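Q: As numbered in the working numbering, residues 27 to 321 make up the sequence shown, in order. Virtual Cβ for every residue (Gly too), placed ideally from N, Cα, C. Just so you know, these numbers come straight off a predicted model, no measurement behind them. Take this structure first; my questions come after.
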Amino acid sequence: MADEHPPNPEQKDPRKPSESGGFNWRVLILFAIALGLLTVALAGNGKNKGRPISFVEFKKGLETGKVILGDPRFKLEVVTGEAAFTAQIVGWQRDEGAFDLGPLEAFKIRINLDLDGPKLTRLVGSAVETVGADDPVASGGLAQGVGSYKLADFEEWVSPVRLGGPGVEGAGGPNGYKVSELKLLAIPDTRDAYLIGQRAAKVLKGPEALQEAGKPRKFVVPVNTMAMQDELNMLFNKGVIYRRESNYLKTILLSFLPILILIVLLFLLFRHQMKQAGRGAMSFGKSKAKLLTEK
């Protein structure tokens, strides 16, 4: 009939889902969430980041007073993670030492070589010189006016870590001693010997001098808990904080990350294949419908 209008081929069926050619924001949001979780997991140990130094540098910093001790704002900690045999010594240090040395004072200590020899080696290593009775320094060290002490006192003097005492809480008090000119004089017909040397008190500088020593910088010392057990025990015995840190989110994400990536890739591949198959089937259906219409 004349009033009938041919169907408009551009008019869409309202029952047919509209094909959106715009950007899929849901994929972007999910990707951002996944990326954020991964970033948080990988950066979980970021607060322990600092300048890595060796244990020798760390010990030298303790002896010279560069490592900050006894300050709650700059804690010295031993931090362990998931691994059983690895740890980190985390602390803060200044560019300059915090101690001034007092006057030298001679001392002598009687020790037993069999009982105290290994401990002395652990404390000072090869810094002790074995001398005979004719040595002038040794003979002067045995004079009546020289102070006599015990090995326990000497161990406290050379301890690199002192978290308590007047030398930490405020200026003016001793914070250990710097020992020098160590000599070992054997006592004839015995297994004993005299440890002779000089000591100088380490006196903490005043607050103004400490501020001029520079801004504290964080450092990290990687250590092996099995190979350096004695050194770590020395820190623990002096009250250094021990803390265990485990980033379970990082471990879980790193464990499942390859599987998740594989699943996402397979999903995208199947989705692409299904789209291609659907387009082919729809094109075939349209062609057949067109042929039937023409007939």
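Work out the CA separation of D121 and D215 for me, nearest whole Å.
A: D215 and D121 have their C-alpha atoms some 50 Å from each other.
Q: Could you tell me the distance, in whole angstroms, from the CA atom of R297 to the CA atom of L288?
A: 14 Å
Q: For chain C, check one thing: does any of its Cβ atoms lie closer than 8 Å to the Cβ of F293?
A: In the structure shown, chain C does not exist; there is a single protein chain.
Q: Is it buried or exposed, V93, if we count other Cβ atoms within 10 angstroms and call 16 or more buried?
A: buried
Q: Just to confirm, are F100 and P248 a CB contact at a threshold of 8 Å?
A: no
Q: At a cut of 8 Å, does the stretch 219-232 reach the stretch 118-136 through at least three beta carbon pairs?
A: yes
Q: Following a CB-centred definition, is V229 positioned closer than 7 Å to any heavy atom of the ligand ADP?
A: Absence of the ligand ADP is noted for the structure shown, with no ligands found whatsoever.
Q: For T112, I'd like the list of residues in its chain whose CB is within less than 8 Å of its CB, leaving aside the five on either flank, ordered along the chain.
A: T106, P248, V249, N250 and T251
Q: Whole-angstrom Cβ separation of R77 and F245, contact assumed at under 8 Å?
A: 5 Å
Q: From F84 to I115, what distance separates their C-alpha atoms?
A: 9 Å
Q: Alpha carbon to alpha carbon, how far is L141 from S185?
A: 20 Å
Q: Where does T90 sit, in a helix, a strand or coil, going by DSSP?
A: Three-state DSSP puts T90 in a helix.
Q: Determine the direct distance from the alpha carbon of D97 to that of N138, and round the result to whole angstroms.
A: 38 Å
Q: Sort out for me which residues DSSP pairs V82 with in a bridge.
A: Note: V82 sits in no beta bridge, so no partner.
Q: K231 to G123, Cα distance in whole Å?
A: Near 9 Å, if we compare the C-alpha coordinates of G123 and K231.
Q: Tell me which residue opens and which closes the alpha helix (DSSP H) that A178 is part of.
A: L177 to W183
Q: Compare the Cα-Cα distances from I222 to each of A153, E257 and G117 and report the closest residue.
A: It is A153 whose Cα lies nearest to the Cα of I222.
Q: Whole angstroms is fine: what's the gap from G117's alpha carbon to A178's?
A: Going by the C-alpha atoms only, they are around 27 Å apart.
Q: Pick out whichever of G158, L292, L295 and E257 has its Cα sitting closest to the Cα of V82.
A: Considering only alpha carbons, the answer is E257.
Q: Taking the straight line between their C-alpha atoms, what separation do you get for L294 and S281?
A: 22 Å
Q: Please name the residue or residues paired with Q114 in a DSSP beta bridge.
A: V105 and P248
Q: For T319, which residues from the same chain have a beta carbon less than 8 Å from its beta carbon, with the 5 sequence-adjacent residues on both sides left out?
A: none
Q: According to DSSP, is T319 helix, strand or coil?
A: Residue state, collapsed to three classes: helix.
Q: Nearest CA to the CA of L210: which residue from K204, G202, R270 and Y220?
A: Y220
Q: What are the start and end residues of the beta strand (DSSP E) that includes V157?
A: Here the beta strand (DSSP E) through V157 covers E155 to V157.
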